[in-house]
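Residue numbers (the numbering used here): 1224 to 1389.
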């Protein structure tokens, strides 16, 4: 639970909230300070604190969105597909604890009191990304995962019919 495939299935079925997922569109806003510094004629030198601040992250603002805001039903080569598209970054919060997090705590890879749930950031690199009816991405390089789903790595994104060569 809480995996990318779990999320994609819930997205297709319109059950993201019922399954424990919360969606936020994270938009990056330029701050006045970064615009002024970037427009100055001072040569950039990352070793000097004044010019290094240009590379700081700008302000990020999240707004709650619905699955229908980022997904539409479409067809590709006669097959039903789902086109995903959003601006900047999609933050997906899974409000329950997935099993791997429990395993990592028990195995002493993680220590301390951890908040319930996990979050993942998904950046759209090539819009749109397409899902088939099974929740598999046709173009997995169209998105980049961060947060919990980056821990899952590629194993969760392999095609359903994948078999390793011997």
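For each residue, glycine too, the CB sits at the ideal point set by N, CA and C.
- The C-alpha of residue 1299 lies about 24 angstroms from the C-alpha of residue 1313.
- Under the three-state reduction of DSSP output, residue 1305 falls in the strand class.
- For residue 1352, the enclosing beta strand (DSSP E) begins and ends at 1352 to 1354.
- Residue 1225 sits buried, since 16 or more C-beta atoms from the chains shown fall within 10 Å of its C-beta.
- A Cβ-Cβ distance of about 5 angstroms is found for the pair residue 1311 and residue 1250, placing them in contact under the 8 angstroms criterion.
- Nearest to residue 1341 by C-alpha distance, out of 1358, 1361, 1359 and 1320, is 1320.
- If the five residues before and after residue 1237 are omitted, its C-beta is found closer than 7 angstroms to the C-beta atoms of 1290, all from its own chain and listed in chain order.
- Under a 10 Å Cβ-count criterion, residue 1339 is classified as exposed, with fewer than 16 other Cβ atoms of the shown protein chains found around its own Cβ.
- Residue 1244 and residue 1229 have their C-alpha atoms some 10 angstroms from each other.
- Annotation: residue 1307 to residue 1365 spans about 10 angstroms, alpha carbon to alpha carbon.
- Looking from the CA of residue 1368, the closest CA among 1386, 1354, 1356 and 1315 belongs to 1315.
- Closest in C-alpha terms to residue 1359, from the list 1373, 1283 and 1304, comes 1304.
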